[in-house]
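Trainee: After the structure tokens below, expect a handful of questions from me.
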Amino acid sequence: MTNATTVGQQLGFRGRLLTGGRPVATSELLKQLKQLHTELAALEQDVVDTDSLSSVVRETANPALFRHKDRGVRAYTACCVADFLRLYAPNAPYSERELKEVFDLFVKQLRYIGDKKSGYTSLYLYLLESLATVKSVALVVDLQESDTIIASFFQCFFEVVCASTSQNVRTCMIDILSQLIEESNGMPQSAIDIVLGQFVSKRHAENPAAYQMACELSNTSIDRMQRYTCQYFTEVILSFGKMEGELTDAEKEEIKAAHQLVVELSKAVPGLLLSVIPQLEEELELSSPYLRTLATSVLGELFAARESSFALEYPSAWKAWLGRRNDKAVSVRITWTEYFAKLFNNHPEHSSSLNEAIIAKLLDPEERVRAAACRAVGALDIDILLQHLDQDVLTQLGQRCRDKKTLARSEAFSALGKFYRVAYARMNDDHVRQKLGWIPTEFLCVLYTGDDEMMQAFLARDIFTLDEDDTARTGRLIHVVSALDDRAKAAFRALLQRKAACMKEMEAFLVQCRELKSQESETHLQDLTKTANKLTARLPESSKAAECAVRFAQLNDAQATAAIEGCMDPASSFRMIRKREKEARKRLEQASRDISNTFAVLIRRIRYDIVNVSAIPILIRRGVTTAGETETSHASAARAILQLYAEVFPFMLKRHTRDILEYLQPGELDLAARDALRILATCSHAAPGMVAIDNNTTELLTKICQQSTPDSAKRAAMLLCFQQDNSAACDSLLQSLITGLPSSSPELLSRLSALRVIARYVPETFEPYGQQVTGFVAKELLLKPNTWSPDDMKKYKGWVDANELDMATRCKLMGMKVLTNRLIGLASDDAAEELAQPMLRLMVTALSKNGTVSDGEDTPPAVCGWVKGTAANLLLKLCRIARYDAMLSSAELLHIALTVEDTSPYVREMVVMKMLKYLRGRNLHIRFLPVLFLTAHEPQRELRDQVKGFLRQQLATLSAVSNGRLSVFELSVARLIHLLAHHPDFATDKDTLDHFAKYLAFFVETCTMPANVSFIFHIVTRLKSVRDADTEDKSENIYILSEVAQVIVRQRCTAHQWTLTTYPGEIQLPRDLFKRLPTATAAEMLRKNHLPAEYLRGTKGSPLSAKRTVENGAGKFEPAEGGAGKYLEKRRRVLPEETPLRRNAPRAARSAAKVTADLQESDEDDTHNMDVSSDSDVMAQEQPEPQPKRRSARRRTKL
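Using UniProt numbering, read the sequence shown as starting at 1 and increasing by one per residue.
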């Protein structure tokens, strides 16, 4: 390799570098090399005479110089050789073998470029700049061992570069490396690995300078690096994508590292991924779930990066990635969901497709996917959410608060709670309020599903908060309550009632704890365990929580007990309550973390937080609306909260009744005054004599009873009735009310409303006038036919609210309530049954005649509906009292049951909600429970779900407190079958049997579990060994339904893989409904198939083959298409108008004056809201609880 001889600059160096093939002395050699380097550096490439260089070139190519022990010699030699390459360019004066040694020398010298202590730094920099400028490294690519040399350059530079490396040095390195990349036909993989390795996050942190150089190098040689990067990932993806079987852990780590590298490259040099993203798109379709998960994750990162435009640049990959939300692998769907929030926050321009996608994931069958979706939505920035998130997404997120799975529920509560907490300060903004203001309502309505513990935790933390500032905390409470809908308000009331009930249970538990300390015995321990089970029945892992409660009792920690009691002190401020809570938890934490965690939940349930005495003055002040001011929702809410306090915690208002009385002023009552009247009446009812009134107030209340609205008249009368010395005031009021009865003035309705209160609460005062009032109500209101014009028939064809009814109908309904309350007031009187007989007959007649009492009256549908609903509810109200319940036969109960299937949805809801209230409060006999299962065909899903939630809640509570013993709850299936056997629509054709099978399917789905399914099967089987006690020809219906029920239970067991075993015990079927058959007859009935053959052939898919939907990943029972269909739309066959009144039922003797424990509750005749009263909600199992007798009234009259 020689260059053509040219005439130009001559090398003047005449020294000798070698002697006999060996270097001269080091000092002399350094001197000579330095002189040579100086002269060579001064020569110019285009004008140098290369012939003058030839001899020295040969000397410098000697390995003795390349490997000399002195660093200076090697450094000068390298610089000289670099100059020769510059001067001889584009050819080289060395052989291929020599060039290899030359570049090895260069690499070795360049390793010292970062050594600041070396005396040859300038030489290393000269060498580096020469290579970068002259591009001598291009010679490498033609060498046979070029890959090794190229890799050594890359390795050297990336090892040498550091934070102290100057920009000039780094630029030269980049120039050299880029020359190698551009000139090479194929880069060695090791070199590419070195470059890409700098993007790994760990290396990035260790040597940022190397990372920066890799970025600049990749951008400088972007076209070539794209190809090499694509090649790298192609090899990785293909090699693992074609593998069969499961990947090893090492292989997973390798492939994961490669994918993570893609993410890092996207941040540093996104241009390198031009051909990589299509490969990732293909990877989404591979059979390996692990690889699809990785590809989904990487693409999610790429698309979600803040400055990323990948989604627009790669539309095909974006579409494919969106499709992975429906991947069959759960891990892929979860991974996809995890990138939703980052994508939505950084790229709201894609909100349309993302909104639709996340809704699908909130409905995913897999619990973990739904939880991840809830968590993803919860991670959204509040401003992005308000501007771009569809309301449907938030609505579906709210539905996840009712999810069957704990994980999904928790994430949904957490997300919604965070949104409300963060946005609360902006709730005055209409858009924010519309978007998020419904969250408290959603939280509270979860109470209807029965799982309230989680809801209460998030409610306290995110909705109401635990701010110790009384004004701020109370203001927030008012704001929240003002935005609640009716169902949520009812749930809020129920929440407070549960708190009160839990307080009572805790008080009983703490008393037993002290008794255990003073006299520990097996009996005391058993009693305490029962109380602990009841106290913790609604807690998660209730059995474990009960054990912790018993362990707490055994600690005998007086200080912790006192602190817990302090949390239930109604006179303590919120700050003091919180202090005592912290004291209790600190003490319990020292004893046991499990005990501490259990009591943290219990204390939250019993503490005065939402309700607190510190809030009452603020509520009273905020509830005032001065003259000329417009009533505000916050003022109304403040009074509503005071009303709740009065209902649930009346003694908290004891010191504030005078302030509330100031709302009452002479003249027409405004809304605030009416609310105050209600609050005061409630307090008086809870604690007679608590509200003391003067003569002026008594006169005002008397006037209200005669001239105000019916509700205000009721409250005013109640306030008078519960004064300590009420005889004179009540007698005076009664006389004034009766005097105006014959008139048909507008005040008649208010007078009747006040009369019903007096009849209920002071029967001794009312009875002297009882005959007169009863005669007026019967003749002038109930039995007197109305004349309806065509306009009236048209007006009342559809349903109307009670206050929109005509005055005659409203008075008729109020008159029915007066007569009912009179019977309740006389419940302990010896002649109560005699007085009740005509009243019961009247109510049953109203039901049997479709809401009409008078003969020949053609009544509008709305009026009929109100009469039926009111009559049914008043019968339920009377049946809370044992002696009146005993008078109602099973045939008459059927009339009540049929209102649950009335053609009017309003009537159905009216009766069902009242029945739920009474059953929940243990005020009705268990025989009313089967009526609820007639809602199986209820078209209103919300109402049916409330019934189902109540039934499951009651069964769970019974199971918790019964320690595994089976209860009368299961026995109600016998009463249900009896009820259905007497149903007027029952027939034996297949369609009808299918319809009736769904009633039984509703029972089985709601009430069966592995622990009781054999017991229930035993009950329905035993029904074939008895006959109907009253109507023997209905026995065949019972046998048919028994066999239908057996089929359904077996199908349930098959579907859930439950074992159906022989129940070992004996049961007693209800004697009032069934009579035993002779043994031989019973055996014959058991052997005989009573189901029609046509039905037996069709039971394979029926009766549990009702329409099913998938929600929360589990099947749910749904009514058949069209709901109750023809059965609600057609008129039922009319039952006998009069049925015999049963006077001597086995459950209550006539001489026993038994009344229910609910006789002291508020007289809520017109309330149909759900009332979730306590944690111990178990309906009466045999009969309502009796109360002491009242003294007999002075006079008795008959209807």
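A virtual CB, placed ideally from N, CA and C, is assigned to each residue, including glycine.
All of these numbers come straight from a predicted model, not from anything done at the bench.
Would Phe153 and Ile174 be called neighbours here (beta carbons separated by less than 9 angstroms)?
Mentor: no
Trainee: Within the continuous beta strand (DSSP E) that includes Val1026, where are the two ends?
Mentor: Val1026 to Asp1028
Trainee: Looking at Arg461: is its Cβ nearer than 9 angstroms to the Cβ of Gly417?
Mentor: yes
Trainee: Which whole-angstrom value is the C-beta distance of Phe464 and Ile610, which I expect to be below 8 angstroms?
Mentor: 6 angstroms
Trainee: For the beta strand (DSSP E) containing Phe1074, list its first residue and its last residue.
Mentor: Phe1074 to Arg1076
Trainee: Report back the beta-carbon spacing between Glu59 and Leu105 to the nearest angstrom; my notes put them in contact at under 8 angstroms.
Mentor: At roughly 15 angstroms, the Cβ-Cβ gap does not stay under 8 angstroms, so Glu59 and Leu105 are not in contact.
Trainee: Specify the secondary structure class of Leu18 as computed by DSSP and reduced to three states.
Mentor: strand
Trainee: Thinking C-alpha only, which one of Ser573, Cys548 and Pro617 is nearest Asn597?
Mentor: Cys548
Trainee: Taking Lys342 as the reference, which of Gly323, Ala376 and Pro315 has the closest Cα?
Mentor: In this structure, Ala376 is the residue among Gly323, Ala376 and Pro315 with its C-alpha nearest to the C-alpha of Lys342.
Trainee: How long is the line joining the alpha carbons of Pro763 and Arg426, rounded to whole angstroms?
Mentor: Approximately 54 angstroms between the Cα atoms of the pair.
Trainee: Report the option in Leu701, Asn695 and Pro688 whose CA atom is closest to the CA atom of Ala676.
Mentor: Leu701
Trainee: Ordered along the chain, which non-local residues of its own chain (more than five positions away) have a Cβ less than 6 angstroms from that of Ala615?
Mentor: Thr474
Trainee: Out of Leu664, Lys654 and Ala672, which one is the CA nearest neighbour of Ala638?
Mentor: Ala672
Trainee: DSSP state of Gln643, grouped into three classes?
Mentor: helix
Trainee: For the segment 393-410 against the segment 355-373, are there 3 or more C-beta pairs whose distance is under 8 angstroms?
Mentor: Cβ pair count under 8 angstroms is three or more, so yes.
Trainee: Would you please state the rounded distance, in angstroms, between the beta carbons of Val102 and Val81? I believe it to be under 8 angstroms.
Mentor: 5 angstroms
Trainee: Determine, using beta carbons only, whether Met887 and Ala831 come nearer to each other than 9 angstroms.
Mentor: no
Trainee: Using a Cβ-based criterion (distance less than 8 angstroms to any ligand heavy atom), does Asp486 qualify as near the ligand FMN?
Mentor: Summarising the ligand content, the structure contains no ligands, and the ligand FMN is consequently not present.
Trainee: Give the secondary structure of Gln954 by DSSP, where H, G and I count as helix, E and B as strand, and everything else as coil.
Mentor: helix
Trainee: Tell me whether Gln946 is buried or exposed, calling it buried when 16 or more other Cβ atoms sit within 10 Å of its Cβ.
Mentor: buried
Trainee: Can you give me the Cβ contacts of Val330 inside the same chain, cut-off strictly under 7 angstroms, excluding the 5 residues immediately before and after it?
Mentor: Only residues of its own chain outside the window of five on either side were considered, and among them Glu366, Arg368 and Val369 have a CB closer than 7 angstroms to the CB of Val330, listed in chain order.
Trainee: Please state whether the Cβ-Cβ distance between Leu1000 and Ala1029 is less than 9 angstroms.
Mentor: no
Trainee: Leaving aside the five residues before and after Phe13 along the sequence, list all residues of the same chain whose C-beta is less than 7 angstroms from its C-beta, in chain order.
Mentor: Cβ neighbours of Phe13 beyond the five flanking positions: Gln35, Leu36, Glu39 and Val56.
Trainee: Please report the residue range of the alpha helix (DSSP H) in which Ile758 lies.
Mentor: Under the DSSP assignment, Ile758 falls in the alpha helix (DSSP H) whose first and last residues are Leu748 to Tyr761.
Trainee: What does the Cβ neighbour count give for Asn726, buried or exposed, with the cut at 16 atoms within 10 Å?
Mentor: buried
Trainee: Given Leu43, which residues of its chain have a CB within under 8 angstroms of its CB, disregarding the five upstream and five downstream residues?
Mentor: Gln9, Leu11, Asp83 and Leu87
Trainee: What separation, rounded to the nearest whole angstrom, lies between the Cα atoms of residue 1276 and Asn612?
Mentor: No statement about residue 1276 is possible, as the shown extent of the chain runs from 1 to 1199 and does not include it.
Trainee: Output the distance between the C-alpha atoms of Arg1108 and Thr1006, rounded to the nearest integer angstrom.
Mentor: With a pLDDT of only 34 at Arg1108, under the threshold of 50, the placement of this residue in the model should not be trusted, and no figure is reported.
Trainee: For the alpha helix (DSSP H) containing Cys401, name the first residue and the last one.
Mentor: Looking at the DSSP string, Cys401 is not in any alpha helix (DSSP H), and its letter there is neither H nor E.
Trainee: Could you give the distance in angstroms between the alpha-carbon of Arg1150 and the alpha-carbon of Glu834?
Mentor: Its pLDDT being 28, under 50, Arg1150 is placed unreliably in this model, and the value from its coordinates should be taken loosely. Computed Cα separation, rounded: 10 angstroms.
Trainee: Nearest-angstrom Cα distance between Ser146 and Cys156?
Mentor: 15 angstroms
Trainee: Please classify Cys172 as buried or exposed, where buried requires at least 16 neighbouring CB atoms within 10 angstroms.
Mentor: buried
Trainee: Exposed or buried, which one is Ser309 when buried takes at least 16 other CB atoms within 10 Å?
Mentor: exposed
Trainee: Short check: CB of Leu893 to CB of Leu934, under 9 angstroms?
Mentor: No, the Cβ-Cβ distance between Leu893 and Leu934 is not below 9 angstroms.
Trainee: Excluding the 5 residues preceding and the 5 following Glu98 in the sequence, name in chain order all residues of the same chain whose CB lies nearer than 7 angstroms to its CB.
Mentor: Exclusion of the five residues before and after Glu98 leaves Ala61 as the residues of its chain whose Cβ lies within less than 7 angstroms of its Cβ.
Trainee: Report the CB separation of Ala560 from Ala584 in whole angstroms; it is logged as a contact under 8 angstroms.
Mentor: 5 angstroms
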